[in-house]
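Engineer: Each residue of the sequence shown is one higher than the one before, starting from 10 at the first, in the numbering used here.
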Amino acid sequence: MVRVLPAIEMKGSEHNNPWGGSKDNPVMLGEKPDGALAGLSTGSDFFCKVAFKPPSSIPQEQVTLNLATNEQEPLTVKGRHDPVLAPRAVAVVEAMAKFAVADLALRGGFYSE
Numbered sequence: 010m011v012r013v014l015p016a017i018e019m020k021g022s023e024h025n026n027p028w029g030g031s032k033d034n035p036v037m038l039g040e041k042p043d044g045a046l047a048g049l050s051t052g053s054d055f056f057c058k059v060a061f062k063p064p065s066s067i068p069q070e071q072v073t074l075n076l077a078t079n080e081q082e083p084l085t086v087k088g089r090h091d092p093v094l095a096p097r098a099v100a101v102v103e104a105m106a107k108f109a110v111a112d113l114a115l116r117g118g119f120y121s122e
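(1) DSSP has residue 96 in a bridge; who is on the other side?
(2) If you run the structure through DSSP and keep just helix, strand and coil, what is residue 105?
(3) Where does residue 36 fall in DSSP's three states?
(4) Rounded to a whole number of angstroms, what is the C-alpha to C-alpha distance between residue 121 and residue 104?
(5) Kindly indicate the opening and closing residues of the beta strand (DSSP E) around residue 117.
See the structure below:
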């Protein structure tokens with residue numbers, strides 16, 4: 010997952026990592042041990058990068074499109090605002106990663122619904 014876009018221009022020998030460890034604990038080696046499997050079926054660690062968009066629902070007037078009038082108008086969002094997502098970020102990312110892996114397992118037929 011780490012090198013998906015650059016990988017389209019690589020040869021297989023360039024987008025490959027050696028294996029180490031032992032028979033009971035195989036480990037992918039290299040600078041970025043993502044390989045083609047990304048740890049999903051090997052038991053290797055799963056690495057991903059995450060970015061968060063800053064929240065736009067802040068108590069500051071902004072211009073938006075009024076769908077009823079089809080005109081641009083100022084809008085001020087009222088109510089509670091929480092521009093700090095960091096306290097929940099880890100839990101949200103972990104939950105979504107688990108959901109995505111579970112979905113792939115179901116689609117791949119590894120588990121029945």
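Just so it is clear, CB atoms sit at the ideal spot from N, CA and C, and this is done for glycine as well.
This one's a predicted model, so the numbers in the text were calculated from it and none came from an experiment.
Structural biologist: For this structure:
(1) According to DSSP, which records beta bridges pairwise, residue 96 is partnered with nothing at all.
(2) helix
(3) strand
(4) 20 Å
(5) First-last for residue 117: undefined, no H or E at that position.
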